[in-house]
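Same order as they appear, the protein sequences are chains A and B. Just so you know, our numbering puts 28 at position 28 of the first sequence, and the rest follows in order with no gaps. Just so you know, our numbering puts 1072 at position 72 of the second sequence, and the rest follows in order with no gaps. Backbone N, C-alpha and C fix where the C-beta goes; we use that ideal spot for every residue, glycine too. Heads up, the thing below is written out as structure tokens.
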Amino acid sequence: MTTSISQYKCPNCGAPIPFDPNAQKLVCKHCDTEFEVSTLQAMVSEENIAEDSYNWEEYQETTLNDANGQTYYVCPSCGGQVIGDKTMSASQCPYCGNSVIVEDKFEGLLKPDLVIPFKYTKEEAKKAYSDYLKGKKLLAKDFEAKNIVEKINGLYVPYWLFNCDCSCQARFNATRVRTYMTRDFDVEEIEHYLVYRDGDISFENVPVDGTKKLPAELMESLEPFDFKDAVDFNTAYLSGFFSDQYDESADEAIKRANERIKASTVEAINSTVIGYVNVVPTSSNVRFDNGKVSYALLPIYIFSTKYNDQVYRFAMNGQTGKFSGNLPADSKRSLGYGFIIFVIAFILIFVLEILLAR
Amino acid sequence: MKKLICLLSFFILLCPSIIKGEQAYVVDEANILSQDEINSTQNYLKQIAEEDNINIVCYITNEYSDDISVQGADFLESLGYYDGAVLIINMNTRMYDIVLEGDSQSIAGFIEEGFEYLDYYLGNGDFEGGIKRFGSWVHDSLNYKEDDIYYNDDQYSGPNRENRLSTMLLIAAGSAAFISIVVVLLMYKQLKTEGKKYDAFDYVTPRSFNLRRSGDVFLYRNVIRRPRPKPENRSNGGGGGSHGHGSFHTGSSSSGHSFSSGGGRKF
């Protein structure tokens, strides 16, 4: 039988710390700090925590073989492929704004598990875009005039949804400070603590978009989606809108889901450490269990426009109405506003200084 | 008639430095000043006394004293003044001092500056010049104001005033530049709404967060003690202080009235 022997190190200076028979405590010979045996035992046992582990079920695909009036539209410019009604006169690629061609072949639609139907109309999306441009002081003056949006496409974007139960162990070094005065001294007492927290948290329907054709920054800026409105998939919901298939697999999307879920879990645990002046995380591990993946189509209004030879893409969450997209800044306007604000602030501050000096 | 003349002569002889019917501003018991010098300094101090409404005296003596400050205060009080300024010059100990009583102690902070002037005159044996300089020091100190252009021209020369203005301009410019950059950046941020999300808090299952285990283990304590500053030692028995521009001493006259003084200085 082997017995493991732990060597204790002083938490204050890091030197090996022996047991002192006189004091009946562990006493550091370098910094003279004393510790109860139970304190260092607790410290050693809490310091050893496992590595991160992620357990996800593999996603099983199913395919809809019936075209059900759907056809492919292919963009020769960006290679984008969308599925839509044959009756739709699709002329513009929703990804890059160029003309599309109809593709006769239809190999079948991957059957999503869920769909959130559109709640906003195209007219409302156009209005949201013009409202979005209002009040932007640094926006190039002629941008709106040159970029009147005639066609906005409603597109069901493929998303992977991740559900899991997450548990986390975290360890911290924390300090409390107390200051007081005696007759002859100002005294500062710094107390050092080892803090440990173990907790669980569950996530449902964390979305990661399954298309490489749209930038993740744009897609994630449209969140959150409310999955109370999600329904079982039916092709009827697609009528009048485009939809797309994933080109980023669940395995590729899992990495992004792991990052976000882990960050939220660790932050939830960290928020329970209160009452300390200084908290420094020393180690943490997360474990994902019961990880399930599902495939969904989520509603997005999307369109592109060109300004000064650069493509600008805008999107609106078809369920919540949240609008997103980067606008071009006018550098002359930026300098002008900056100068005006500088002059006004300078005058106000200088006058205030003179008044205070009196 | 003869008796009357003798009586009048007696009073005149006993008080050589006192002009009949006039207040004494210069008392020279050591006889180091000529009559012209006495008249000149007397008129000078009288002018200051009337202009600034202050009892101001110069006392020159040969009488030994081991505390010139108390000697000066006692002399002032012997004239019936419990509020005023006296320049006492002791020719026996070769020391002099400025003593202030009553409300005149408000200019005690300037005594060091007064000494700077008097060191020069008395050190060179120019007692008339020293007395007049004492008078002008009292006048300037009583009329000193922080933002007085005249005084500032002596104490705060041109380059210092310019430095203050340029500092204010720099602070205003720096702050204005900072504010303008921040505001423009905020306006610029309005144009950029795309961005990755770094968490998934919107998708937490309601009421699913559970803290299974938590603990706070006390390890050790560091204690830092810093000695508190002690008050400064007082000098001259009666204490001291500083006010604005310099330090001075405090004490009590023989009759117990408080005064401020420079503590005496050799010349």
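- request: Report the option in B:Arg1133, B:Asp1140, B:Asn1092 whose CA atom is closest to the CA atom of B:Ser1104.
  value: B:Asp1140
CB contact below 9 Å: B:Tyr1220 versus chain A: yes
field: B:Asp1083 versus B:Glu1101 - alpha carbon distance
entry: 5 Å
field: Sub-9 Å separation of B:Ala1024 and B:Asn1062 beta-carbons
entry: no
task: Specify the secondary structure class of A:Lys111 as computed by DSSP and reduced to three states.
output: coil
- prompt: Taking 9 Å as the CB-CB limit, is A:Ser221 close to chain B?
  reply: yes
field: Whole-angstrom distance between B:Leu1033 and B:Leu1118, CA atom to CA atom
entry: 16 Å
- request: Could you work out which residue in B:Glu1113, B:Gly1129, B:Val1204 is closest to A:Pro207 when comparing CA atoms only?
  value: B:Val1204
message: I need the straight-line Cα distance from A:Glu204 to B:Met1168, nearest angstrom please.
response: 58 Å
message: In the DSSP assignment, the beta strand (DSSP E) including A:His192 goes from what residue to what residue?
response: 185-209
message: Please report the distance separating the alpha-carbon of B:Gln1042 from that of A:Arg358.
response: 40 Å
task: Give me the Cα-Cα distance between B:Asn1152 and B:Tyr1144, rounded to the nearest whole angstrom.
output: With a pLDDT of 39 at B:Asn1152, under the threshold of 50, the modelled position of this residue cannot be trusted; read the value that follows with caution. The straight-line gap from Cα to Cα measures roughly 9 Å.
query: Are at least three pairs of beta-carbons, each pair with one atom in the region 234-242 of chain A and one in the region 324-337 of chain A, less than 8 Å apart?
result: no
message: Could you tell me the alpha carbon to alpha carbon distance between A:Lys122 and B:Ser1180, rounded to whole angstroms?
response: 39 Å
- prompt: The alpha helix (DSSP H) with A:Val266 in it runs from where to where?
  reply: 250-270
- prompt: Contact check, A:Val157 vs A:Ile300 under 8 Å by CB: the rounded distance?
  reply: 5 Å
task: Taking the CB atoms as reference points, tell me whether A:Lys119 and A:Gly325 lie closer together than 9 Å.
output: no
query: Which residues of chain B have a Cβ atom closer than 9 Å to the Cβ of A:Lys137, listed in chain order?
result: Met1187, Gln1190
- prompt: Is there contact between the region 46-59 of chain A and the region 161-172 of chain A, where contact requires at least three CB pairs shorter than 8 Å?
  reply: yes
message: Taking beta-carbon pairs under 7 Å, can you tell me which members of the region 262-282 of chain A lie near chain B?
response: Ala263, Ser264, Glu267, Ala268, Thr272
- prompt: So, does the CB of A:Pro328 fall closer than 9 Å to a CB anywhere in chain B?
  reply: yes
query: Could you give the uninterrupted runs of the beta strand (DSSP E) lying entirely in the region 39-66 of chain A, keeping only those of 3 residues or more?
result: 53-56
task: Determine the DSSP secondary structure at B:Glu1194, reduced to helix, strand or coil.
output: coil
- request: Note the first and the last residue of the continuous beta strand (DSSP E) segment covering A:Lys25.
  value: 25-27
query: Under a three-way DSSP split, which group does A:Phe350 fall into?
result: helix
task: Report the rounded CA-to-CA distance for A:Glu259 versus A:Tyr307, giving the unit in angstroms.
output: 35 Å
message: By the 8 Å beta-carbon criterion, what residues does the region 1190-1211 of chain B contribute toward chain A?
response: Gln1190, Leu1191, Lys1192, Thr1193, Glu1194, Gly1195, Lys1196, Lys1197, Tyr1198, Asp1199, Ala1200, Phe1201, Asp1202, Tyr1203, Val1204, Thr1205, Ser1208, Phe1209, Asn1210, Leu1211
query: So what's B:Thr1061 in DSSP terms, helix, strand or just coil?
result: strand
- request: Use the C-beta contact count for B:Asp1028: other C-beta atoms within 10 angstroms, 16 or more gives buried, fewer gives exposed.
  value: buried
message: Let me see if you follow: with CB-CB separation under 9 Å, is B:Ser1214 close to chain A or not?
response: yes
message: Please classify B:Asp1074 as buried or exposed, where buried requires at least 16 other C-beta atoms within 10 Å of its C-beta.
response: buried
query: B:Leu1079 and B:Ile1107: beta carbons closer than 9 Å?
result: no
- prompt: Would you say B:Lys1189 and A:Glu217 are within 9 Å of each other, going by their C-beta atoms?
  reply: no
message: With a threshold of 6 Å on Cβ separation, who are the neighbours of B:Ser1065 within its own chain once the five nearest residues in sequence on each side are excluded?
response: Gln1071
Cross-chain neighbours of B:Val1184 in chain A, by beta carbon under 8 Å: Leu138, Ser334, Tyr337, Gly338, Ile341
field: Limits of the beta strand (DSSP E) - the one that B:Asp1140 falls within
entry: Counting along the chain, B:Asp1140 falls outside any beta strand (DSSP E), though it belongs to the alpha helix (DSSP H) covering 1127-1142.
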